[in-house]
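Shown next, in structure tokens, is the structure this report addresses.
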Amino acid sequence: MGAYDLLKPALFRLPPETAHGLIHGLLGGVQGTPVSAALAERYVVGDERLAVDAFGSKFPNPVGVAAGFDKNAHVPRALSSLGFGHVEVGGVTAERQPGNPRPRLFRLREDEALVNRMGFNNEGADVVGERLDRDPLPDVPVGINIGKSKSTPLEDAPDDYLYTYECVADAGDYFVVNVSSPNTPGLRELQNRDALERILGTLDDAGTDPLLVKLSPDLPEPAVEDALGVVDDLDLDGVIATNTTTSRPDSVRSHNRAERGGLSGKPIESLATDRVRFVAERTDVPVIGVGGISDAAGAYEKIRAGASLVQLYTGLVYEGPSLARDINEGLLELLERDEFDSIEDAVGADL
């Protein structure tokens, strides 16, 4: 039994957002200290077979932290010391916003899942951009997830996204247009082809590079194909599949399934993997697979389905700080079992 197994019962007696804040504070406290270096010694798996070249950067391993964990870019270095190969901060919006009223984050313990309706709570692009420019960045790639301000009309969304990009442009190794969060009214309407072309075209014209789009698992397949058409037409750099879902699979048992918001964690694992496969079969750009990953087998399944990189958040809540290390060590065993020389050789093996 590890330290997190001993700590988890106490954490889980706290409201989820309170527990998250506590963990965030601990990470902030050790960031940049000898403790952080000791964590890296314990958790970082250094093996060239895990390295991935994507978006003009070298990722030391394919396992990253998904957007939402570090909304305001306070602890990217601490997260990298836990063995993650990249950290995606945000979602960041042009305006500072408090998000939706609490409670807005719910555990589904029986299902190893979360429901959130956070609503892009963040300190705003000016503050986050200044922090990213001021503070040292980790040695792993940093992605920046950009959302639309709640108060901005849909027709003004391109300029809203552009403002945020300009505030954070110097710090990101890649940039993600988030049009798929279920917790900002009307946001998912921006996944239709015309709206997506306007937003992505505006950012592309401004020189945003590398530029990715994050899609919803609830988007009908024809609409996904339309979105991928925009990716190809604008020569964008990648796709993240997927965000949280508003659906509730029959397997979900917790009473918190009734809470409004996006579901993440184990119940959406197969749904997300299917969407990764669907996207990878229809585009040549790298795919980042997200949804339900909590072990090496789940990460490997998404990689074989076409994901060049994977991300997680909910798995970290349930499995603790050793998760990236455990996944990377497990991936090396799976590569040896299947006689792949590198993780890149395994990408899309099942397509």
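Numbering (my numbering), first residue to last: 1256 to 1606. In this text, a Cβ means the ideal position worked out from N, Cα and C, and glycines have one as well. What you are looking at is a predicted structure, and each value in this text was computed from that prediction instead of being measured.
query, result
"Residues bridged to residue 1419 [DSSP beta-bridge criterion]", "Paired residue(s): none; residue 1419 is not in a bridge."
"Host alpha helix (DSSP H) of residue 1589 (start-end)", "1578 to 1592"
"When 1497, 1490, 1536, 1532 are compared against residue 1520, the one with the closest alpha-carbon", "1497"
"Assigned secondary structure, residue 1286 (DSSP; H/G/I helix, E/B strand, else coil)", "coil"
"Close beta carbons around residue 1586, own chain, < 7 Å, minus the five adjacent residues each side", "1305, 1551, 1554, 1555, 1598"
"Nearest-angstrom Cβ-Cβ length linking residue 1379 and residue 1579, presumed shorter than 8 Å", "In fact, because the Cβ distance is near 29 Å, the residues do not count as touching under 8 Å."
"Distance, residue 1533 Cα to residue 1464 Cα", "24 Å"
"Span separating the alpha-carbon of residue 1466 from that of residue 1315", "20 Å"
"Touching by the beta-carbon criterion (3+ pairs, under 8 Å), the stretch 1283 to 1290 and the stretch 1527 to 1543", "no"
"Helix, strand or coil at residue 1279 according to DSSP, with G and I counted as helix", "helix"
"Residues near residue 1299 in its chain [Cβ-Cβ closer than 6 Å; skip 5 each side]", "1338"
"CB contact check: residue 1415 to chain B, cutoff 9 Å", "Considering every chain present, this structure includes no chain B. It has just one protein chain."
"Euclidean distance between Cα positions of residue 1507 and residue 1261", "26 Å"
"Per-residue DSSP class, three states only, for residue 1335", "helix"
"Cβ contact (3+ pairs, closer than 8 Å) linking the stretch 1361 to 1372 and the stretch 1329 to 1345", "no"
"Buried or exposed (CB count within 10 angstroms, at least 16 for buried), residue 1269", "exposed"
"Meets three-Cβ-pair contact criterion under 8 Å: the stretch 1310 to 1328 and the stretch 1366 to 1385", "yes"
"Buried versus exposed call for residue 1406 [16 or more other C-beta atoms within 10 Å across all chains shown]", "exposed"
"Rounded straight-line distance, which links the Cα of residue 1258 to that of residue 1233", "Nothing can be reported for residue 1233, as the shown portion of the chain is limited to 1256 through 1606."
"Alpha-carbon to alpha-carbon, residue 1583 and residue 1503", "30 Å"
"Candidates 1446, 1548, 1440: closest to residue 1434 by CA position", "1446"
"Residue 1500 (DSSP reduced to helix, strand or coil)", "strand"
"Given residue 1264 as reference, the closest of 1575, 1457, 1601 once Cα atoms are compared", "1575"
"Beta-carbon contacts of residue 1350 that lie in its chain and below 6 Å, excluding the five residues immediately before and after", "1379, 1404"
"Euclidean distance between Cα positions of residue 1443 and residue 1389", "33 Å"
"First and last residue of the uninterrupted beta strand (DSSP E) at residue 1451", "From DSSP, residue 1451 is part of no beta strand (DSSP E) but of the alpha helix (DSSP H) over 1448 to 1460."
"Residue 1313, buried or exposed, once every other Cβ within 10 Å from all chains shown has been counted against 16", "exposed"
"Whether residue 1343 touches residue 1398 by CB criterion (9 Å)", "yes"
"Assigned exposure category for residue 1608 - 16 Cβ within 10 Å defines buried", "Nothing can be reported for residue 1608, as the shown portion of the chain is limited to 1256 through 1606."
"Close beta carbons around residue 1310, own chain, < 8 Å, minus the five adjacent residues each side", "1396, 1428, 1429, 1465, 1467, 1492, 1493, 1541"
"Whole-number beta carbon distance between residue 1401 and residue 1345, since they are thought to touch under 8 Å", "6 Å"
"Distance between beta carbons of residue 1489 and residue 1459, contact taken as under 8 Å", "5 Å"
"Identity of the residue in 1588, 1352, 1328 nearest residue 1439 by Cα", "1352"
"Where the alpha helix (DSSP H) containing residue 1595 begins and where it ends", "Here residue 1595 belongs to no alpha helix (DSSP H), and DSSP marks it neither H nor E."
"Proximity below 9 Å, CB of residue 1564 to CB of residue 1548", "no"
"Inter-residue Cα distance where the pair is residue 1412 and residue 1282", "34 Å"
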